[in-house]
Amino acid sequence: MPLVNTKEMLLKAYQGGYAVGAFNVNNMEIIQGVVAAGIEEKSPLILQVSSGARKYANPLYLKSLVDCAVKESGLPIALHLDHGDSYELCVSAIDDGFTSVMIDASHHSFEENIKITKKVVEYAHAHNVTVEAELGRLAGIEDDVNVSEKDSAYTDPSQVEEFVQRTGVDSLAISIGTSHGAFKFKGEPKLRFDILEDVSKRLPEFPIVLHGASSVLQEYIDTIQKYGGAMQGARGIPEEMLRKAASMAVCKINIDSDLRMAFTASIRKHFYDNPSHFDPRQYLSPARESIKQLVKHKIISVLGCNNKA
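Spelled out as structure tokens, the structure:
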């Protein structure tokens, strides 16, 4: 099975009341861990690459690794550009063989967002590539995304129909209270399910996406801090909130910080327990296994996409 775009997998997710995980990947071990979990749980997967990952690993290397994952697994896998901030970057990803792209023009005016998104859609659809866009702005910091609290904004449901109709976009990321990074809340976590419900009524059968949706699990915070890290005050989205969103109109949930934390917690513990180790295979193998176990948990308990491949 070749790489697929997200059109069919997100439609099935909508109809089935679950979400597909979009896992940010940066290297071979993360890709292997995510895909191993997908194989065991018979789950569709979206492997997504940020602009930061492109700079770090080279998109051609990442594309080749993902091609190997597709060949090994036989799973429906989409290769997605996360937070493409320009038409040129989206075109570059499409030309590199990505099957899905996100154009994030949410920092522009509504009209400019439509203009840029529509241009990306026209190029992408001519190459059988699906497009995700964003309305509203999420706070937080992750790779090249840096939005302050004062610049963040909830999605205005009254704009979504016009935006989708005029752009022809395939899925829409909305802002309902999630945020990028591992420090998402100062007080009690809260998601605006009223906005999600309003959007889903205005866009029936249309896939909605949640960014900034890592749960920042306490076990990883504790391990990182126990073995020399500093993550005091880190807080994410409670998993029961994400499961509720997945049972509604949310068909794609982005997960990045949780992967980073699982990977880092394993490596920190390994170095503490094995101070003489210096072979990368010695500490990256358990880190890869940690990714696999985290993703299996997400697939079963949060996304509900096990046995949906």
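Heads up: the sequence shown begins at 77 in my numbering, then just goes up one per residue. All C-beta atoms in this analysis are idealised placements derived from N, C-alpha and C, irrespective of residue type, glycine included.
Presumed contact (8 Å Cβ cut-off) between residue i and residue j, rounded CB distance
i	j	result
F269	L248	Actually they are not in contact, since the Cβ atoms of F269 and L248 sit about 16 Å apart, beyond 8 Å.
R311	V378	Not quite, the Cβ-Cβ distance comes to about 17 Å (not below 8 Å), so this is no contact.
I106	F339	7 Å
A113	V371	4 Å
L279	E237	7 Å
Y94	A322	6 Å
K368	G109	4 Å
V142	L165	That pair is no contact at about 18 Å.
I331	K374	6 Å
T254	I192	That pair is no contact at about 23 Å.
Extent of the continuous alpha helix (DSSP H) to which residue i belongs
i	result
K302	Q294 to K302
Q108	M104 to E117
L79	First-last for L79: undefined, no H or E at that position.
A200	F186 to H201
S234	First-last for S234: undefined, no H or E at that position.
I271	F269 to R278
Any C-beta of chain D under 9 Å from that of residue i
i	result
F269	Protein chain content of the structure displayed is limited to a single chain, and chain D is not contained in it.
Bridge partner(s) assigned by DSSP for residue i
i	result
A98	I122 and N330
R130	Partner(s): none; R130 has no beta bridge.
R213	A229
V207	V177
L379	Paired residue(s): none; L379 is not in a bridge.
N- and C-terminal bounds of the beta strand (DSSP E) containing residue i
i	result
V285	I284 to L286
I250	S247 to I250
Suppose only complete runs of 3+ residues qualify. What are the beta strand (DSSP E) ranges in the stretch 146-184, listed by chain order? Those beta strand (DSSP E) runs which fall completely within the stretch 146-184 and span 3+ residues are 153-160 and 176-179.
When you compare the stretch 227-246 with the stretch 292-303, are there three or more beta-carbon pairs, one atom per stretch, that lie closer than 8 Å? The stretch 227-246 vs the stretch 292-303: no contact.
At 4 residues or longer, and completely inside the stretch 314-372: list those alpha helix (DSSP H) runs for me, N to C. Listed in chain order, the complete alpha helix (DSSP H) runs (minimum 4 residues) inside the stretch 314-372 are 315-322 and 333-349.
Any 3 or more C-beta pairs closer than 8 Å across the stretch 115-134 and the stretch 371-382: Touching, per the Cβ criterion.
Taking 8 Å as the threshold, find out whether the stretch 206-213 comes into contact with the stretch 178-189 through three or more Cβ pairs. In short, these stretches touch, since the Cβ pair count reaches three.
Does the stretch 361-373 come within contact of the stretch 342-352, defined as at least 3 CB pairs closer than 8 Å? By the C-beta criterion, the stretch 361-373 is judged to be in contact with the stretch 342-352, since at least 3 inter-stretch pairs fall below 8 Å.
Any chance the stretch 90-104 sits against the stretch 121-135, with 3 or more Cβ pairs inside 8 Å? The answer is yes - the stretch 121-135 touches the stretch 90-104, with three or more Cβ pairs under 8 Å.
Closer than 8 Å is the cut-off here; do at least three beta carbon pairs connect the stretch 312-331 with the stretch 283-290? Short answer: they touch.
Is the stretch 185-192 touching the stretch 146-161, taking contact as three or more C-beta pairs under 8 Å? Short answer: they don't touch.
Validate contact between the stretch 196-206 and the stretch 172-179 using beta carbons, cut 8 Å, 3 pairs: Yes: at least three Cβ pairs fall under 8 Å.
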